[in-house]
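Notes follow once the structure below has been shown.
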Amino acid sequence: MKKSLFILSITILGCTLVTNAASYKFVAKNNSIKTKICIAVAEDNKPALKSGIRTKGSAVSTSVLSRIVANSLTCNDLLVTAFAIKYNALETYRYLNRYTSKKNKFLPSTGTIRDISAQHNEQDNGRETLILISGR
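Residue numbering for the sequence shown follows my numbering, beginning at 8 and increasing consecutively.
Take a look at the structure:
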């Protein structure tokens with residue numbers, strides 16, 4: 008009985024924390040391939056990222072193209088790896104970080120402090136934050 012009560016408590020606590028998490032909707036400002044890559048990064052969609060990087064009929068390998076994207080693409084004025092971390096897109100961050108040069112490495116912080124007891128405005132609960140994305 009104590010075990011099931013404990014599991015129920017943890018489940019309810021987890022659901023409460025998830026409902027307070029930010030929800031983003033990413034919208035492309037234009038239809039360029041760079042912006043499509045930025046959208047794939049923000050949505051943590053690694054297959055779409057790889058697909059966007061590959062160029063049909065190109066003699067350049069995917070790893071070379073990935074290196075170019077990781078070191079030169081900016082999304083909303085942030086280097087693409089920093090952009091991935093900003094929106095907690097860890098899968099695409101890990102992929103791109105392998106190709107990022109040392110001078111462009113962006114290391115995510117190892118910890119954050121959040122006030123879980125803070126009261127949030129009831130009007131904001133359940134709403135999505137609209138993020139317009141442009142790649143350069």
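Ideal Cβ positions, reconstructed from N, Cα and C, are used throughout, including at glycine.
Quick caveat, the model's predicted, so the values are computed rather than measured.
Exercise for review: Note down the Cα distance separating residue 70 from residue 100, rounded to an integer number of angstroms.
Suggested key: 15 Å
Review point. What residue from 93, 78 and 79 has the CA that sits closest to residue 169's CA?
Key: Absent from the model: residue 169. The displayed extent of the chain is 8 to 143, so no value can be given.
Review point. Taking residue 108 as the reference, which of 89, 78, 91 and 82 has the closest Cα?
Key: 78
Check your understanding: According to the neighbour-count rule (16 or more other Cβ atoms, all chains shown, within 10 Å of its Cβ), is residue 60 buried or exposed?
Key -> buried
Exercise for review: Could you spell out where the beta strand (DSSP E) holding residue 32 opens and where it closes?
Suggested key: 30-35
Point to revise | Separation of residue 51 from residue 91, as counted between CA atoms | key: 8 Å
Check your understanding: CA-CA distance, residue 96 and residue 53?
Key -> 9 Å
Point to revise | Range covered by the alpha helix (DSSP H) that runs through residue 103 | key: 97-104
**Study point:** Neighbourhood of residue 130 by C-beta, 8 Å cutoff - its chain only, sequence neighbours within 5 removed
**Key:** Model confidence at residue 130 stands at a pLDDT of 46, short of 50, so the residue's coordinates are unreliable and nothing is read from them.
Point to revise | Reduced DSSP category for residue 126 - H, G, I as helix; E, B as strand; rest coil | key: With a pLDDT of 48 at residue 126, under the threshold of 50, the modelled position of that residue is not reliable, and the figure given next carries that caveat. In this structure, residue 126 counts as coil in the three-state DSSP scheme.
Point to revise | alpha helix (DSSP H) segment containing residue 59, residue limits | key: 53-60
Practice item. Classify residue 80 as helix, strand or coil using the three-state DSSP reduction. Key: coil
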